[in-house]
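> Residues in the sequence shown are numbered consecutively from 252, following our numbering. Even glycine gets a Cβ: it sits at the ideal position worked out from N, Cα and C.
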Amino acid sequence: MTLLLALLAAQDHTIITWKKHVLSEVFTCEGAAAGDFNKDGVMDVAAGPWWYEGPDYKKQHEFYPVKTWKTDNEYSNNFFAFTDDFNKDGWTDIFVYGFPGADVSWFENPQGKAGHWKKNLVHAKVDNESPQYEDVDGDGVRDVVCTVGGSLGWVKVADGKFTAISPPDPKRFQRFTHGLGVGDVNGDGKTDFLESSGWWEQPATLDGSMWKKHDSKFGRGGAQMYAYDVDGDKDADVITSLEAHNHGLSWFEQTGPDQWKEHVIIGRKPEENRYGIHFTQMHAVDLVDMDGDGLKDIVTGKRHFAHGSKGDADPLAAPVLYWLKLVRGSGGVDWLPYQVDDNSGVGTQVTAVDVNGDQRPDIVVGCKKGAFVHVQEPKKVSKDEWEAARPKKR
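(1) Are the segment 343-350 and the segment 282-292 touching, with three or more C-beta to C-beta distances below 8 Å?
(2) Could you check whether the Cβ of T599 sits closer than 7 Å to any heavy atom belonging to the ligand HEM?
(3) Going by DSSP, what residues sit across from T334 in a beta bridge?
(4) CB-CB under 8 Å to G499, same chain, minus the five flanking residues each way: which ones, in chain order?
(5) Out of D482, G341, G282 and V591, which has the shortest C-alpha to C-alpha gap to S581?
(6) How is P588 classed by DSSP in three states: helix, strand or coil?
(7) With DSSP as the reference, identify every bridge partner of P629, one or two as the case may be.
(8) Quick one, which of P351, G621 and D386 has its alpha-carbon nearest A375's?
(9) Pull up the CB-CB distance for W357 and F337, whole angstroms please, since I reckon it's below 8 Å.
(10) Using C-beta distances below 8 Å, list every residue in its chain close to Y589, excluding the 5 sequence neighbours before and after it, in chain order.
(11) How many Å lie between D605 and V591 at the Cα?
(12) With the cut-off set at 8 Å, would you say E380 and A495 are in Cβ contact?
(13) Kindly give me the distance between the Cβ atoms of W405 and V392, rounded to whole angstroms, as I take these residues to be in contact under 8 Å.
(14) In chain order, what are the residue ranges of uninterrupted beta strand (DSSP E) at least 3 long that sit wholly in the segment 531-558?
(15) Using the DSSP secondary-structure output, state which residues sit across from T428 in a beta bridge.
(16) Might you give, ordered along the chain, the residues of its own chain that have their beta carbon closer than 7 Å to the beta carbon of P419, omitting 5 neighbours on each side?
(17) Buried or exposed for A297, going by 16 or more other Cβ atoms inside 10 Å?
(18) Within a Cβ cutoff of 6 Å, which residues of the same chain sit near D593, ignoring the five residues on either side of it in sequence?
(19) Can you tell which of R579, T599 and E446 has its C-alpha closest to the C-alpha of Y326?
(20) Taking just the CA atoms, how far does E313 sit from K369?
(21) For Q246, count neighbouring Cβ atoms within 10 angstroms of its own Cβ and tell me buried if that reaches 16, exposed if not.
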């Protein structure tokens, strides 16, 4: 048992509160990532053209030329950010996916030297509004999961080579297509692809042949998608938002081979959620164990002004950020909604990562509201306070 789980077992009446760090209030990106960029043992945050020194994020460093954007009618050139040591020199670099249809590149950490970081092109054009950075072929190195030229596939960071898994279909897979994920759907130990019209099965051998398509309907194109055993029955289910610029978050129970039963988590109306929770435009989703109970939880929220103040569903509603706790019991599966914030939301990416070393995931956001870090602050309370903080069913 880890220290975290031991603490949770001993503190039955612990609630999670949040400390919000406002890194910036200008629009430079729609995603952000964490990494130790100055090798001081403390996690820092990269958001847009700046990285911020942890743990207070007050000292800002520019690593590529600054450009800001209008929140109501413009889009940034930084939709996603990830961190890795790409050149294996012991220093953490920053990986940036630009605007859909633009390049993906990594910026080389100058090892403490001042000035802009060297930009290294990986691929000149990457499509899809929910690309991933995951290991597809099992070599232990993460890849760029995306679409290129109308085909699903992945790009190797080392050489920029794109490997297609589907025949070209430019009408289906174009630069603004929404919804993409990877995971082991059929339990064979290999990474499969997920998208809104179904899943693509990785073959026994990666010889360049096309992957088998399994038609299913997982919404109309949401955000990042996940294969995860939600109900504990030893097979993978699918978690996805249903439409990035509209309503809906669901999990699809795998009831048999290529048989799926939809369970609505957040629907078109408040009454479709057991706790009356309702918000739109879940354009970013992360899946992580937020409270150390061994089950993965959902982190998502409302993307602010995705298409401006007059576009999409409920554009003027508060840009909320939530984590939804997965609970399994005799009554089935439940998702307990806990609000983290009501004035940041998500961008096209939301990142749950431990920034302060306490073994609890925190939440990093880059969006049209700016850049934010929400740090978990567990608090031991009385039984009555714990009950009062627990979401109440309608």
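In this structure, then:
(1) Counting Cβ pairs under 8 Å, three or more are found: they touch.
(2) Looking at this structure, you won't find the ligand HEM or any other ligand, since it has none at all.
(3) For T334, DSSP records a beta bridge to I345.
(4) Excluding residues within five positions, the ones whose Cβ falls inside 8 Å are G470, G473, S492, L493, V515, I517, G518, R519 and M533.
(5) That would be D482, whose Cα lies nearest to the Cα of S581.
(6) When DSSP states are grouped into helix, strand and coil, P588 belongs to the strand group.
(7) P629 is bridged to I267.
(8) The option with the nearest alpha carbon to A375 is P351.
(9) At roughly 5 Å, the Cβ-Cβ gap stays under 8 Å, so W357 and F337 are in contact.
(10) For Y589, where only same-chain residues beyond five positions count, the Cβ hits under 8 Å are I267, Y573, W574, L575, K576 and P642.
(11) Approximately 16 Å between the Cα atoms of the pair.
(12) Yes, the pair counts as a contact, with Cβ atoms nearer than the cut-off.
(13) Contact between W405 and V392 is absent: CB atoms are separated by about 11 Å, not below the 8 Å threshold.
(14) Here the runs fully enclosed are 536-539 and 548-552.
(15) Answer by DSSP bridge pairing: none, since T428 is not bridged.
(16) Setting aside the 5 residues that flank it on each side, P419 is surrounded in the same chain by G400, G401 and S402, each with a C-beta closer than 7 Å to its C-beta; the list follows chain order.
(17) Flag for A297 reads buried.
(18) Hits under 6 Å: A569 and V571.
(19) Nearest of R579, T599 and E446 to Y326, Cα basis: T599.
(20) Whole-angstrom Cα-Cα distance: 12 Å.
(21) Nothing about residue 246 can be reported from this structure: the residues present for the chain run from 252 to 645 only.
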